[in-house]
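Visitor: One structure, pasted below without further comment.
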Amino acid sequence: MPPRRENSAKVEYDLRLYVAGQTPRSVQAFANLTKICEEHLAGRYRIQVIDLLEHPQLAKGDQILAIPTLVRTLPEPIRKIIGDLSNKERVLVGLDVRSSG
Amino acid sequence: MKQTRKSSQSLDRALPKCPTGIAGFDEITLGGLPRGRPSLICGGAGCGKTLFGIEFLARGAQDFGEPGVCISFEETAEDLAQNAVSLGFDLKALERANKLVIDYIHIDKSEIAETGEYDLEGLFIRIGSAIDSIGAKRVLLDTPEALFGGLNDEGVLRSELRRLFRWLKDKGVTSVITGEKGEGTLTRHGIEEYVSDCVVLLDHRLQSGVVTRRMRVLKYRGSMHGTNEYPFLIGRQGISVLPITSLGLSHKISDERVSSGIKGLDEMLEGRGFYRGSSILVSGTAGTGKSSMATHLVDAACARGESCLYFSFEESPDQILRNMRSIGIDLGRWIKKGLLHIHSTRPTSYGLELHLVEMHNLLEQHKPKVVVVDPLSSLMSGAGDNTNDLTNMVLRVIDRLKHLGITGFFTSLTSGGHAAEATEVNISSLVDTWLLLRDMESDGERNRVLYVLKSRGMAHSNQLREFLMTKNGVALRDAYLGPAGVLTGSARLAQEAREREEASRATRESEERKLALNRKLRTAEAQIMALEAEKQAAELELKAAAKDEEDQRNSVLTQRAEMARSRKVNSSPKAPRPTAKEASI
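Sequences listed follow chains A and B, in order.
With this note's numbering, letter number 71 in the first sequence gets 71, and the count goes up by one each step, no holes.
Convert by adding 1000 to the 1-based position in the second sequence; the result is the number in this note's numbering.
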């Protein structure tokens, strides 16, 4: 899994995906997220993947309990989505992304 | 399971304990919480669960060199630290010293959406990193059930909590998990199912207008523990649980004797007083001198240089001092010397538990040799209607004192109507020596008598003695046994006077008789002397008479011979007769 994927265009959606090692669930979550973002937020998002096994101290800042957790730091307010992001509709609602087609 | 094999071996070795440092708790659990295992502390809101956990961590960090991690699901680190200050713990300082980590875990349902599968690995990682950062040995999870309010998937939560507790166990940390009491269950979401090693229930309830806190060890797998409800208190020094200090009757006893301070009473107790470390109860009706006896004991102990603690529930220290001066005992000097501490409180000012805790604290502080509780019975008002509580409390006090080898002196006020032997609190069986003070009414006055109802381990006197309060303290008089029973007071005085009079009369009479006899003797002697003189005189006379007779005979013969010579006749005895006759005519 690449540690981060950045899109240098103007970033509207700043997303952090917290995982703990490369578990199937984490891989699945990342794949789901990328797919949704490419479909709905192409060019307007940035995903940062944080592996808590490597940086356990980072869990405190975003109040991470569940793995995987997706944190939307931008736009504000902060939103969190936990789970493997398998339900696209709920992810979109969670990210507050209007389905633009 | 592994534990079953272990627990079949020696319990002590199979189950190492982790001392909590919470006063009293380690005693009822015989050492503390199970080391390396999770324990559940549950109870209603405000029962002190969090404080229990915080004290467990803070004591561990301060006193046992075991750093701790606090994972709080309800209060922020700031709030926790602030609350802990009231118990005398500086959590911030412990954090700075790397002895404590506080992590506040907050879940806001409104900002979380759930989609798909997840687990709580993040929580594990956080706890794990906190533990590893300071090498923690103790963990507090303050109400992890709060997670149920933040996450929807109860099934996941349950299995994850179960996994968490096992994981903590595998990590070898001793953990305390708090849980709010639910309806019909120990915790709201029944997590007690997953924490099966040790469960402690805290409780606070209102009784007769006084809140008392209780603690009970519901379960302690693989270990003996006290099963009673123990009152506990949250004070300035944290939580104090008040167990019957040792679960067994195994205090060391002493053969040493201590004087009661009253000579007459010592005499009644084999002449040597009470046993050191024994508990003494004095019961009596109002004004029979119970406090005065206590004061004597204290005075004697202080005079020996021993420290004393006087709990007064009726009089202020000054009042005690003044009253005791009136019977010639100056307690003020002992207070000045720091040997005597008088602690006066109203029995109603707080509940029994607090009294008990106060006593415990003062015992710790002053380490006395003699403790007076005056009067025990007025604590009744603190106990409300529940005499059972009072008995329990007294038992705990007595037990504590015995444990520490302190001589305990308790007074108990018996109400006039009752039989004197019926002490309200039924503690008679708990005490070693029981003295009874009684009023005796006769001849229009009321007098005090004292007797020893029982005194374990000594051949005490069975005599009823009169108890007098003089300007020089309490004095015991041999009660006077008259034909009509025991005489006291002026009846005794009158009887004594009568006796004295009789005795003196008897002496006088015998003197007189002696005199008379002497006189008689002397008279007889005088008579004897007179007769003797008479006898001597008679003898002399007799001798003289005999001599005269001889002289006469001699002279007659001489005359006759001369006459015969002159008449020149042959001497004839008849011849001089007529002459003699003529001469006599």
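Each residue gets a CB set at the ideal place from its N, CA and C atoms; glycine is no exception.
(1) Assign ASN32(A) to one of two classes, buried (16 or more other C-beta atoms within 10 Å of its C-beta) or exposed (fewer than that).
(2) Should HIS1106(B) go down as buried or exposed, given a rule of 16 or more other Cβ atoms within 10 Å for buried?
(3) So for CYS1308(B), helix, strand or coil by DSSP?
(4) So ASP84(A) contacts chain B; which residues on that side make the cut at Cβ distance below 8 Å?
(5) Measuring straight from C-alpha to C-alpha, what distance separates VAL1372(B) and ARG1214(B)?
(6) Helix, strand or coil for ASP1548(B), going by three-state DSSP, please let me know.
(7) By the 7 Å beta-carbon criterion, what residues does the segment 1100-1112 of chain B contribute toward chain A?
(8) I need the DSSP call for ARG1158(B), collapsed to helix, strand or coil.
(9) ARG1565(B): buried (16+ other C-beta within 10 angstroms of its C-beta) or exposed?
(10) What alpha helix (DSSP H) runs, 4 residues minimum, are completely inside the segment 1075-1135 of chain B?
(11) Expressed to the nearest angstrom, what Euclidean distance is found between the alpha-carbon atoms of SER1254(B) and LYS1092(B)?
(12) Could you pull out every residue in the same chain whose Cβ sits closer than 7 Å to the Cβ of ILE1028(B), ignoring the five residues on either side in sequence?
(13) CB-CB under 8 Å to GLY973(B), same chain, minus the five flanking residues each way: which ones, in chain order?
(14) On the criterion of 16 or more Cβ atoms from any shown chain inside 10 Å, does THR1558(B) qualify as buried, or is it exposed?
(15) Does DSSP put SER1412(B) in a helix, in a strand, or in coil?
(16) So, helix, strand or coil for HIS1341(B), using DSSP?
(17) Tell me whether ALA1045(B) is buried or exposed, calling it buried when 16 or more other Cβ atoms sit within 10 Å of its Cβ.
(18) Between LEU1141(B) and LEU1057(B), is the Cβ-Cβ spacing less than 7 Å?
(19) Hey, does GLY43(A) have any beta-carbon neighbour from chain B nearer than 7 Å?
(20) Beta-carbon of VAL91(A) versus every beta-carbon of chain B: anything under 7 Å?
(21) Going straight from the alpha carbon of PRO1019(B) to that of GLY1036(B), what length do you get?
(22) Can a CB atom of chain B be found closer than 7 Å to the CB of ILE64(A)?
(23) I'd like to know whether the C-beta atoms of LEU123(A) and ALA20(A) end up nearer to each other than 7 Å.
(24) Please report how far the alpha carbon of ASP84(A) lies from the alpha carbon of LEU1151(B), in whole angstroms.
(25) Judging by CA-CA distance, which residue of ARG1236(B), ILE1239(B), ILE1280(B) is the nearest neighbour of ARG1257(B)?
(26) Could you list which residues in chain A have their beta carbon closer than 7 Å to that of LEU1123(B), in chain order?
(27) Run down chain A in chain order and give the residues with a C-beta less than 8 Å from the C-beta of GLY1128(B).
(28) Which residues does DSSP list as the beta-bridge partners of MET1440(B)?
(29) Apart from the five residues just before and just after ASN1518(B), which ones in its own chain have a Cβ nearer than 7 Å to its Cβ?
(30) State the beta-bridge partners of MET1469(B) as determined by DSSP.
(31) Please look up how many angstroms separate the CB atoms of SER1260(B) and LEU1297(B), rounded, as I've assumed it's under 8 Å.
(32) Would you mind working out which of LYS80(A), ASP14(A), VAL93(A) sits nearest TYR45(A), comparing C-alpha positions?
(33) So, is the C-beta of ARG72(A) closer than 7 Å to a C-beta in chain B?
(34) Measure the CB-CB distance between PHE1410(B) and LEU1376(B) and report whether it falls below 7 Å.
(35) Mind listing the chain B neighbours of LYS80(A)? Cutoff is C-beta to C-beta under 8 Å, in chain order.
(36) Take GLY1116(B) as the anchor and find which of ASP96(A), LEU95(A), ARG90(A), ILE78(A) has the nearest alpha-carbon.
Guide: In short, the structure shows the following:
(1) By 1-based counting over the first sequence, the position of residue 32(A) is 32. Classification for ASN32(A): buried.
(2) As a working note, residue 1106(B) is residue 106 in the second sequence. Exposed.
(3) Residue numbering aside, residue 1308(B) sits at position 308 when the second sequence is read from its first letter. The three-state reading of DSSP puts CYS1308(B) in strand, counting E and B together.
(4) As a position in the first sequence, residue 84(A) is number 84, starting the count at 1. Within chain B, the residues placing a beta-carbon under 8 Å from that of ASP84(A) are THR1115, GLY1116, GLU1117, TYR1118, ordered along the chain.
(5) Locating residue 1372(B) in the second sequence gives position 372, counting from the first residue. Locating residue 1214(B) in the second sequence gives position 214, counting from the first residue. As the crow flies, the alpha-carbon of VAL1372(B) is around 27 Å from that of ARG1214(B).
(6) Within the second sequence, numbered from 1, the residue matching residue 1548(B) stands at position 548. ASP1548(B): helix per DSSP, three-state reduction.
(7) Those would be ASP1103, ILE1105, HIS1106, ILE1107, GLU1111, ILE1112, in chain order.
(8) Taking the second sequence and counting its residues from 1, one reaches residue 1158(B) at position 158. In the three-state scheme derived from DSSP, where H, G and I count as helix and E and B as strand, ARG1158(B) is classed as helix.
(9) Your numbering for residue 1565(B) matches position 565 in the second sequence. Classification of ARG1565(B): exposed, given that the 10 Å Cβ count is below 16.
(10) Inside the segment 1075-1135 of chain B, DSSP marks whole alpha helix (DSSP H) runs of 4 or more residues at positions 1077-1085, 1091-1096, 1121-1134, from first to last along the chain.
(11) Here residue 1254(B) refers to the residue found at position 254 when the second sequence is read from its first residue. Here residue 1092(B) refers to the residue found at position 92 when the second sequence is read from its first residue. Going from the Cα of SER1254(B) to the Cα of LYS1092(B) covers about 47 Å.
(12) Here residue 1028(B) refers to the residue found at position 28 of the second sequence. Cβ neighbours of ILE1028(B) beyond the five flanking positions: VAL1217, HIS1225, GLY1226, TYR1230, VAL1241, PRO1243.
(13) Outside the displayed range of chain B (1001 to 1585) lies residue 973(B), so it cannot be described from this structure.
(14) Taking the second sequence and counting its residues from 1, the one referred to as residue 1558(B) is at position 558. Taking every protein chain shown into account, the CB of THR1558(B) has fewer than 16 other CB atoms within 10 angstroms, so this residue is exposed.
(15) Position 412 of the second sequence, counted from the first residue, corresponds to residue 1412(B). It is a strand residue.
(16) Translated into positions along the second sequence, residue 1341(B) becomes position 341. In the three-state scheme derived from DSSP, where H, G and I count as helix and E and B as strand, HIS1341(B) is classed as strand.
(17) As a first step, residue 1045(B) must be located in the second sequence, where it is residue number 45. Counting Cβ neighbours within 10 Å, ALA1045(B) comes out exposed, since fewer than 16 surround it.
(18) Stepping through the second sequence from its first residue, residue 1141(B) is reached at position 141. Stepping through the second sequence from its first residue, residue 1057(B) is reached at position 57. No, these two residues do not count as a Cβ contact at 7 Å.
(19) By one-based count along the first sequence, residue 43(A) stands at place 43. For GLY43(A), the nearest beta carbon of chain B is not closer than 7 Å to its own beta carbon.
(20) Within the first sequence, numbered from 1, the residue matching residue 91(A) stands at position 91. By this cut-off, VAL91(A) is an interface position.
(21) Sequence index remark: in the second sequence, residue 1019(B) carries index 19 (1-based). Sequence index remark: in the second sequence, residue 1036(B) carries index 36 (1-based). The alpha-carbon atoms of PRO1019(B) and GLY1036(B) are separated by roughly 12 Å.
(22) Within the first sequence, the letter at position 64 stands for residue 64(A). With 7 Å as the cut-off, ILE64(A) counts as an interface residue toward chain B.
(23) Shown here, chain A extends from 1 to 101; a query on residue 123(A) therefore has no answer.
(24) Sequence index remark: in the first sequence, residue 84(A) carries index 84 (1-based). Sequence index remark: in the second sequence, residue 1151(B) carries index 151 (1-based). Distance between the alpha carbons of ASP84(A) and LEU1151(B) is about 15 Å.
(25) Along the second sequence, read from residue 1 onward, the residue named residue 1257(B) stands at position 257. Looking at the Cα atoms, ILE1280(B) is the closest of the given residues.
(26) Along the second sequence, read from residue 1 onward, the residue named residue 1123(B) stands at position 123. In chain order: LEU65.
(27) In the second sequence, the residue the question calls residue 1128(B) occupies position 128. Ordered by position in chain A, the residues that pass the 8 Å Cβ test against GLY1128(B) are PRO56.
(28) Position 440 of the second sequence, counted from the start, is the residue given in the question as residue 1440(B). DSSP output for MET1440(B) lists ASN1447(B) as bridge partner(s).
(29) Your numbering for residue 1518(B) matches position 518 in the second sequence. Within the same chain, ASN1518(B) has no close Cβ partners at all.
(30) Mapped onto the second sequence, residue 1469(B) falls at position 469. BP columns for MET1469(B) point to VAL1474(B).
(31) The residue given as residue 1260(B) occupies position 260 in the second sequence. The residue given as residue 1297(B) occupies position 297 in the second sequence. Taking the Cβ atoms as the reference, SER1260(B) lies roughly 6 Å from LEU1297(B), within the contact range of under 8 Å.
(32) Taking the first sequence and counting its residues from 1, the one referred to as residue 45(A) is at position 45. Nearest of LYS80(A), ASP14(A), VAL93(A) to TYR45(A), Cα basis: ASP14(A).
(33) Reading the first sequence from its first residue, position 72 is the one you call residue 72(A). No, its Cβ sits nowhere closer than 7 Å to a Cβ of chain B.
(34) Here residue 1410(B) refers to the residue found at position 410 when the second sequence is read from its first residue. Here residue 1376(B) refers to the residue found at position 376 when the second sequence is read from its first residue. A contact, by the Cβ cut-off of 7 Å.
(35) As a first step, residue 80(A) must be located in the first sequence, where it is residue number 80. Around LYS80(A), the beta-carbon contacts reaching into chain B at under 8 Å are GLU1111, ILE1112, ALA1113.
(36) In the second sequence, counting from the first residue as 1, residue 1116(B) sits at position 116. GLY1116(B) has its Cα closest to that of ARG90(A), out of ASP96(A), LEU95(A), ARG90(A), ILE78(A).
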